[in-house]
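One structure is given below, encoded as structure tokens.
2 protein chains.
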Amino acid sequence: MSAIDDLVNELARLPTIGRKSALRLTYHLLKQPPEQSKRLAEALGTLTDRIRSCERCFNLTEDPLCAVCSDTRRDASVVCVVEEASDITAVERTGEFRGVYHVLRGRLSPLDGVGPDDLTVAALVARVVAGGVKEVIVATNPKLEGEATALYVQEQVAPLGVIVSRIARGMPVGGDLEYADGVTIAQSISARREM
Amino acid sequence: MSAIDDLVNELARLPTIGRKSALRLTYHLLKQPPEQSKRLAEALGTLTDRIRSCERCFNLTEDPLCAVCSDTRRDASVVCVVEEASDITAVERTGEFRGVYHVLRGRLSPLDGVGPDDLTVAALVARVVAGGVKEVIVATNPKLEGEATALYVQEQVAPLGVIVSRIARGMPVGGDLEYADGVTIAQSISARREM
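Residue numbers (the working numbering), protein chains in the order written: chain A, 1 to 195; chain B, 1 to 195.
Pasting the structure below:
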């Protein structure tokens with residue numbers, strides 16, 4: 001039954017989904033009305049066509065500028081620097097941050113061959129040089145690689161005369177922004193300290 | 001970002017996938033080449049178009065008869081009765097069973113409003129009446145509802161003069177065929193006893 005095998009193989013490629021889970025999901029979908037698989041197929045099919053990077057902050061968006069950058073009520077003088085676009089979702093959930101973002105698209109990781117040129121730090125420097133930015137909050141994950149990345153961002157941005165701060169260690173060290181609860185993230189932003 | 005929300009909503013409908021997992025899977029797909037989402041969309045989109053029920057045993061198939069029913073090397077005189085088509089996959093994995101199947105499409109469950117008419121027992125009776133069947137192995141799950149279903153199948157089929165047997169309790173009671181290992185399933189088939 002190759003239609004089933006096709007779907008099981010594709011589902012099993014996803015993280016945290018093994019072959020048994022993929023088989024269960026497939027049988028589940030076969031018991032639902034066909035519209036459910038179709039809607040999921042449609043959402044998947046259009047995903048990568050519709051989503052691109054924000055020209056300013058590299059957040060994910062369907063327009064040239066993302067929802068945060070194009071919102072004039074946001075305070076563009078405070079830039080929160082995160083590793084991935086998914087971290088923005090985590091910070092936005094807290095409802096506590098009124099500034100804007102900059103997505104690095106990764107973290108320094110010499111072992112994985114990720115160096116400074118693979119991140120969007122140059123674009124961040126260009127944003128600061130262009131003016132209007134008073135503070136850069138470095139919200140990379142409090143892990144070894146995130147800390148190294150934070151230091152690198154500080155070295156590049158601090159000489160430009162803006163305040164560079166680091167989120168407080170309200171978060172458990174070794175944790176992931178993406179998994180933290182909103183209160184913890186909010187605390188770590190409000191208790192940020194200058195680097 | 002409605003393209004992301006669309007996919008997260010659809011993924012979160014699936015069993016064992018919550019909103020956080022759905023979000024992680026979506027961001028994962030956005031980091032992969034677009035072809036991966038497209039292939040998954042294609043597999044999902046064609047799934048319900050291509051898959052239907054076997055006319056004889058109600059297994060899932062892309063043809064009028066399923067792979068087991070159309071295989072002339074299978075012993076059509078021994079019919080293994082299972083609750084769901086996914087249980088066939090579990091039994092086939094053992095490589096020990098050379099007969100054919102009959103999928104009940106569920107189990108008796110008065111609390112969920114599932115009665116005898118919601119199962120395919122009448123079609124099983126018709127298969128036995130049509131002749132050629134010597135033994136019916138009832139391989140419903142060894143849980144309360146599966147046992148009740150097994151008794152009902154026995155009541156309907158035994159008067160027709162065929163042997164009705166029940167898989168042995170080699171499996172842990174309360175377990176699921178779908179999760180059992182092949183050796184356990186094989187033992188429970190070879191140690192089956194007449195009902």
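All residues carry an ideal CB built from backbone N, CA and C; glycine is no exception.
Values in this document were obtained by computation on a predicted structure and should not be read as measured data.
Asked, Found
"If VAL136(A) and VAL79(A) are in contact, beta carbons under 8 Å, what's the gap, nearest whole angstrom?", "5 Å"
"Under the criterion of a Cβ to heavy atom distance below 8 Å, does ALA122(A) qualify as lining the ligand GDP?", "Ligands displayed in this structure: none; no statement on the ligand GDP is therefore possible."
"GLU96(B) to ARG166(B), Cα distance in whole Å?", "16 Å"
"Assuming PRO116(B) contacts TYR152(B) (C-beta within less than 8 Å), just tell me the rounded distance between them.", "6 Å"
"Among residues of its own chain, excluding the 5 on either side of LEU29(A), which ones have a beta-carbon nearer than 7 Å to its beta-carbon?", "GLN36, SER37"
"For ASP75(A), count neighbouring C-beta atoms within 10 Å of its own C-beta (all shown protein chains included) and say buried if the count is 16 or more, exposed if not.", "exposed"
"Could you give the first and the last residue of the continuous beta strand (DSSP E) run that contains ILE137(B)?", "135–138"
"Output the boundary residues of the alpha helix (DSSP H) element that contains VAL121(A).", "121–129"
"Based on Cα-Cα distance, which residue from GLY113(A), ARG73(A), VAL114(A), CYS66(A) lies nearest to HIS102(A)?", "CYS66(A)"
"Considering GLY99(A), what are the terminal residues of the beta strand (DSSP E) in which it resides?", "99–103"
"Assuming the contact rule is C-beta atoms closer than 8 Å, VAL81(A) and ALA139(A) should be a hit. Round their C-beta distance to whole Å, please.", "6 Å"
"Quick test of the definition: if touching needs 3 or more C-beta pairs under 8 Å, does the stretch 34–53 of chain A touch the stretch 43–56 of chain B?", "yes"
"Please list the terminal residues of the continuous beta strand (DSSP E) segment that includes SER77(A).", "75–82"
"Label ALA150(A) either buried or exposed according to how many other C-beta atoms from any shown protein chain fall within 10 Å of its C-beta, with 16 as the threshold for buried.", "buried"
"With DSSP as the reference, label ILE51(A) as helix, strand or coil.", "coil"
"What is the DSSP secondary structure of SER21(A), counted as helix, strand or coil?", "helix"
"Any beta carbon of chain D sitting closer than 9 Å to that of HIS102(A)?", "Going by chain labels, chain D is absent from the structure shown, which instead holds the protein chains A and B."
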